[in-house]
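**Q** Just so you know, we're using the working numbering here: the sequence shown kicks off at 274 and counts up by one.
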Amino acid sequence: MDIANFVAEGAARDISPSREESARAFAIVAETPGDIVAREALLDSAMGPKRKTKSSEKLRRGRRPSEGLAFVARDASGTVMGTVRLWDVRLGEGGPAALLLGPLAVAPSLKSAGIGSALMRHAVAEAARLGHAAILLVGDAPYYGRFGFSAAKTGSLAMPGPYERHRLLALELVEGTLAGAHGTLKAAGRKLKAPTLAA
Numbered sequence: 274m275d276i277a278n279f280v281a282e283g284a285a286r287d288i289s290p291s292r293e294e295s296a297r298a299f300a301i302v303a304e305t306p307g308d309i310v311a312r313e314a315l316l317d318s319a320m321g322p323k324r325k326t327k328s329s330e331k332l333r334r335g336r337r338p339s340e341g342l343a344f345v346a347r348d349a350s351g352t353v354m355g356t357v358r359l360w361d362v363r364l365g366e367g368g369p370a371a372l373l374l375g376p377l378a379v380a381p382s383l384k385s386a387g388i389g390s391a392l393m394r395h396a397v398a399e400a401a402r403l404g405h406a407a408i409l410l411v412g413d414a415p416y417y418g419r420f421g422f423s424a425a426k427t428g429s430l431a432m433p434g435p436y437e438r439h440r441l442l443a444l445e446l447v448e449g450t451l452a453g454a455h456g457t458l459k460a461a462g463r464k465l466k467a468p469t470l471a472a
């Protein structure tokens, strides 16, 4: 994948003149511990309480995002306007490593400002830069298809829990990564540290 072209072409397509002013009013930066409360509130308002029951959540629970792959979009005052994270997974038992993207969310009042598209392009570019080979997600093909995601190579893969098969999408960052991949996605990567109790 030619990441420079991916980012440049996407920026030209996703930021129309009518949205240019809005799109310039935010910056995408690495998430910090101080963003957690704002991010959780944004996710609740954008996705509702059922977000924690989705099959993707089973792969995220008790884990930390993949190193260097948790981002927020902030406005000039520092307010969190959008969020995206990527998580380490294995494609089946002992299968190849990949990333699971999500959740991607933007403040409901800013859904047409180009923030989600900018977060997606940044996340994909950073994943490629860090040497990851493939990204999977559960989402709407018409939206994610413009970033190169499709269900063409996920037919032999499954999520751990209820999901709509046609919504399991993938993007190969390294061609051939998903060839022959099969089985249920497994959580991998860094675990959250359990809180220690004072003696």
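Using N, Cα and C, we set each Cβ at its ideal position, and we do this for glycine too.
Given the structure is predicted, the values throughout are model-derived calculations rather than measurements.
For my contact list, residue 457 and residue 431 are in at a C-beta cut-off of 8 Å; report their separation, rounded to the angstrom.
**A** Taking the sequence shown and counting its residues from 1, one reaches residue 457 at position 184. Taking the sequence shown and counting its residues from 1, one reaches residue 431 at position 158. Sure, about 5 Å apart at Cβ, within 8 Å.
**Q** Tell me which same chain residues have a C-beta within less than 7 Å of the C-beta of residue 311, skipping the five on either side of it?
**A** Taking the first residue of the sequence shown as position 1, residue 311 is located at position 38. Excluding residues within five positions, the ones whose Cβ falls inside 7 Å are 353.
**Q** What is the rounded straight-line gap between the Cα of residue 462 and the Cα of residue 349?
**A** The sequence position of residue 462 within the sequence shown is 189, counting from 1. The sequence position of residue 349 within the sequence shown is 76, counting from 1. Residue 462 and residue 349: Cα-Cα distance of roughly 33 Å.
**Q** Do residue 357 and residue 372 come within 9 Å of each other at the CB atom, strictly closer than that value?
**A** Residue mapping note: residue 372 aligns to position 99 of the sequence shown, counting from 1. Residue mapping note: residue 357 aligns to position 84 of the sequence shown, counting from 1. Going by C-beta atoms, residue 372 is not nearer than 9 Å to residue 357.
**Q** Which same chain residues end up closer than 6 Å to residue 452 when comparing Cβ atoms and leaving out the 5 residues on each side of it in sequence?
**A** For the purposes of this step, residue 452 is taken as residue 179 along the sequence shown, with counting starting at 1. None.
**Q** Specify the secondary structure class of residue 445 as computed by DSSP and reduced to three states.
**A** For this step, residue 445 is matched to residue 172 along the sequence shown. Strand at residue 445.
**Q** Restricting to runs no shorter than 3 residues, where is the beta strand (DSSP E) found entirely within the region 300-337?
**A** Taking only runs of at least 3 residues, no beta strand (DSSP E) segment lies wholly in the region 300-337.
**Q** How big is the Cα-Cα spacing for residue 464 and residue 342?
**A** Sequence index remark: in the sequence shown, residue 464 carries index 191 (1-based). Sequence index remark: in the sequence shown, residue 342 carries index 69 (1-based). So the two alpha carbons sit approximately 15 Å from each other.
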